[in-house]
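Colleague: The structure is given below, and queries will be raised subsequently.
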Amino acid sequence: MSSVRQFQVTFDCADPERVARFWCEVLGYVAPSPKGFATWDDYHHSLPPGKRGAWFACSDPSGVGPRLFFQRVPEGKVAKNRVHLDVRVGTGLVGEERLATLKAECARLVALGAVCVQVLLADDENESCIVMQDVEGNEFCLD
Numbered sequence: 007m008s009s010v011r012q013f014q015v016t017f018d019c020a021d022p023e024r025v026a027r028f029w030c031e032v033l034g035y036v037a038p039s040p041k042g043f044a045t046w047d048d049y050h051h052s053l054p055p056g057k058r059g060a061w062f063a064c065s066d067p068s069g070v071g072p073r074l075f076f077q078r079v080p081e082g083k084v085a086k087n088r089v090h091l092d093v094r095v096g097t098g099l100v101g102e103e104r105l106a107t108l109k110a111e112c113a114r115l116v117a118l119g120a121v122c123v124q125v126l127l128a129d130d131e132n133e134s135c136i137v138m139q140d141v142e143g144n145e146f147c148l149d
């Protein structure tokens, strides 16, 4: 049996480029233009008007993380995500140091358009984390 070595994470959204550029900032990803085009604008202008802006993609410049793909869909988000990303900014940290790191990253992402939903403080079983939403309301956690 062979194992899967690569995967991408796909986001359904109203504005693929806006959501993709937000996640590029969150994760330090890049958005290289499609092959054969100098820029994303050049690519989009090559398409019929109804297809422009239908998708956008970004990737980890180191090649380690998964590719993120954003596709335009007609319907809006209506329920909590069944799958979400955990952005691991506090790995290895505990207590007040962890919480301060999470809060600093939360402030940075709020400035980019994210929403802080809930700060979950450490208890007997779990360390602190922060529940957030991206620019289109998709949930993710700062962990």
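If you use the working numbering, the sequence shown corresponds to residues 7 to 149, in order. No residue lacks a Cβ here, since even glycine has one placed at the ideal position from N, Cα and C.
In angstroms, rounded to a whole number, what distance separates the CA positions of Asn144 and Gln14?
Modeller: Answer to the nearest angstrom: the Cα atoms are 17 angstroms apart.
Colleague: Please work out which residues of its chain come closer than 6 angstroms, Cβ to Cβ, to Val137, disregarding the five sequence neighbours upstream and downstream, and give them in chain order.
Modeller: Val123, Gln124 and Cys147, listed in sequence order.
Colleague: Going by other Cβ atoms of all chains shown within 10 Å of its Cβ, with 16 needed for buried, is Val25 buried or exposed?
Modeller: Buried: at least 16 other Cβ atoms inside 10 Å.
Colleague: Considering only residues of the segment 68-121, which uninterrupted alpha helix (DSSP H) runs meet the minimum length of 4 residues and lie entirely inside it, listed in chain order?
Modeller: With a minimum length of 4 residues, the continuous alpha helix (DSSP H) runs that stay inside the segment 68-121 are 101-117.
Colleague: Run through the DSSP bridge pairs and tell me what Leu148 is partnered with.
Modeller: Per DSSP, Val93 and Ile136.
Colleague: I need the DSSP call for Val141, collapsed to helix, strand or coil.
Modeller: Residue state, collapsed to three classes: coil.
Colleague: According to DSSP, is Val62 part of a helix, a strand, or is it coil?
Modeller: Position check: residue 62 holds Phe in this sequence, whereas Val was assumed. Correct three-state label for Phe62: strand.
Colleague: Would you please state the rounded distance, in angstroms, between the beta carbons of Cys3 and Arg78? I believe it to be under 8 angstroms.
Modeller: Residue 3 is absent from the structure shown; the chain starts at 7 and stops at 149.
Colleague: Based on the DSSP secondary-structure assignment, which residues constitute the bridge partners of Thr16?
Modeller: Looking at the DSSP assignment, Thr16 forms a beta bridge with Phe75.
Colleague: Which of the three DSSP states, helix, strand or coil, is assigned to Leu53?
Modeller: Correct three-state label for Leu53: coil.
Colleague: Taking 6 angstroms as the limit between beta carbons, can you name the residues of its chain near Leu53, skipping five residues before and five after?
Modeller: Nothing meets the Cβ criterion.
Colleague: Need the endpoints of the alpha helix (DSSP H) that Glu31 sits in, please.
Modeller: It spans Pro22 to Leu33 - the alpha helix (DSSP H) in which Glu31 sits, taken as one unbroken run.
Colleague: Contact between the segment 43-52 and the segment 94-109 is defined here as three or more beta-carbon pairs at a separation below 8 angstroms; is this criterion met?
Modeller: Flag = no, the segment 43-52 and the segment 94-109 do not touch.
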